[in-house]
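Input: a single structure, listed below in structure tokens.
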Amino acid sequence: NDRVALLTPIAKAYLTDTAFQAALDAQMVFGGHGYIREWGMEQCIRDLRISQIYEGTNGVQSQDLIGRKTIKSGGAFIAEYIAEIREEVNTLSADLNFIKDATLDAATEVEVITQYILERAKEDAEYPNGVAVDYLHAVGLLSFSYMFAKIAAAANEKDGEFYQNKLTLARYFVARILPDLKSRLVRIQTELGAMVGIYFKTNHMPVRFLIYVAITALTRLLIADIQHDHKADWDLLIVTGAILLLAISILVVRFASWHYPSVIRSKSHDRELPAGKTPRPEDDELA
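Going by UniProt numbering, the letters in the sequence shown line up with residues 1 to 287, in that order.
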């Protein structure tokens with residue numbers, strides 16, 4: 001069954017990821033006592049941690065979803081699933097528009113990102129592996145939204161505190177959990193997975209990638225300092241200057257790689273460029 005094949009990685013990986021995180025959050029409720037054996041929370045943590053491993057590590061499940069279940073099928077499995085979600089969610093009553101609209105939006109976003117991945121996979125076979133975990137979580141969030149829509153539809157027809165709590169929980173999911181979908185989509189499209197793939201493929205970390213990492217770290221430090229001190233001082237000026245210098249260095253590297261490209265290495269490291277081929281900056285491993 002295609003649907004079972006598609007959702008098996010979600011059930012094995014996304015559910016165990018979220019369950020383990022929920023257990024960690026529950027442990028925090030106890031404060032320092034959550035670390036003590038007598039309360040039982042540390043055992044819950046141990047028991048749940050293995051669930052992310054023994055059914056095939058969750059990273060492998062993610063690769064299964066994006067590779068065999070999505071790319072290999074040309075996106076057919078996920079397209080059928082999204083069609084079912086839209087058909088059922090569109091039947092919800094007007095007073096459930098909060099979950100209806102959120103689920104339909106999520107379905108569209110997953111549909112768009114799936115097409116993006118399919119196109120990128122044609123250009124770079126390594127790309128899907130770099131974004132597999134984020135894609136699995138994106139589909140998992142869509143699935144949760146779909147389930148909450150079904151729960152809300154059932155609870156909305158009944159009275160009682162129990163059913164009202166289900167509606168409250170659905171609203172909480174839409175407001176606090178589902179927005180994580182957008183961050184997952186951003187990660188898929190930032191090309192960071194492809195950059196890491198370049199490193200493992202060529203054994204050379206691109207200089208610009210290292211500079212980007214440094215700029216990101218310094219920017220986070222700058223934001224933290226501003227939030228903490230609420231005023232400008234020499235430390236902030238130094239960090240700001242460092243970020244500016246790194247940004248300029250990226251331009252310098254690009255300029256240098258264009259005019260003075262390093263030797264391009266083939267996979268065998270013993271072949272030179274074909275006759276008449278001019279080195280390009282994008283060919284420069286070190287840039």
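Heads up, the beta-carbon is just placed ideally off N, CA and C, and yes, glycines get one too.
Smallest Cα separation from residue i: which of the options?
| i | options | result |
| --- | --- | --- |
| TRP39 | GLN52, TYR54, GLU119 and ALA23 | ALA23 |
| ILE53 | ASP95, LEU15 and ALA5 | LEU15 |
| ILE108 | LEU6, LEU141 and LEU92 | Checking the sequence, you will find Thr at residue 108 rather than Ile. For the residues LEU6, LEU141 and LEU92, the minimum Cα distance to THR108 belongs to LEU141. |
| VAL186 | ALA217, LEU236, MET41 and VAL131 | VAL131 |
| THR219 | ILE99, TRP234, ASP233 and THR240 | THR240 |
| TYR116 | ILE248, ASN1 and THR190 | THR190 |
| GLU123 | ASN97, VAL139 and ILE71 | ILE71 |
| ALA79 | LEU221, VAL110, HIS33 and GLU157 | VAL110 |
| SER73 | GLU88, LEU96, VAL112 and ALA5 | ALA5 |
| LYS69 | LEU167, ILE151 and PRO9 | PRO9 |
| SER183 | VAL133, ASN156, ILE151 and TYR81 | VAL133 |
| LEU7 | GLU157, SER51, ILE243 and ILE82 | ILE82 |
If I measure Cβ to Cβ from residue i and keep anything under 6 Å in the same chain, skipping five residues before and after, which residues do I get?
| i | result |
| --- | --- |
| LYS201 | Model confidence at LYS201 stands at a pLDDT of 44, short of 50, so the residue's coordinates are unreliable and nothing is read from them. |
| GLY75 | THR114 and LEU118 |
| ALA214 | LEU246 |
| LYS12 | GLU55 and GLN61 |
| ARG120 | TYR127 |
Can you tell me whether residue i is buried or exposed? The criterion is at least 16 other CB atoms within 10 Å of its CB, across all chains shown.
| i | result |
| --- | --- |
| residue 338 | No answer is possible for residue 338: it lies beyond the span of the chain, which begins at 1 and ends at 287. |
| ASN129 | buried |
| HIS137 | buried |
| VAL139 | buried |
| ASN1 | exposed |
| TYR135 | buried |
| PHE255 | exposed |
Who are the Cβ neighbours of residue i in its own chain at under 8 Å, not counting the five residues just before and after it?
| i | result |
| --- | --- |
| GLN43 | ARG37 |
| ARG49 | PHE20 |
| ARG86 | LEU104 and ALA107 |
Under the criterion of a Cβ to heavy atom distance below 8 Å, does residue i qualify as lining the ligand FAD?
| i | result |
| --- | --- |
| LEU48 | This structure lacks the ligand FAD; in fact it carries no ligand of any kind. |
Below 7 Å CB to CB, which residues in the same chain sit around residue i once its five sequence neighbours on both sides are set aside?
| i | result |
| --- | --- |
| ILE223 | none |
| ALA106 | LEU141, LEU142, SER145, LEU178 and LEU181 |
| VAL174 | PHE98, ILE99 and ALA102 |
| ALA242 | LEU218 |
| ALA149 | VAL89, LEU92, ILE99, LYS100 and THR103 |
| LEU96 | ALA152, ALA153 and ASN156 |
If you scan the UniProt domain "Acetyl-CoA dehydrogenase-like C-terminal" (82-191) from start to end, which runs of the alpha helix (DSSP H) of 4 or more residues do you find wholly inside it?
-> 97-123, 127-155, 161-172 and 180-189
Which whole runs of the beta strand (DSSP E) in the segment 23-79 are 3 residues long or more, in chain order?
-> DSSP runs (the beta strand (DSSP E)) wholly in the segment 23-79: none.
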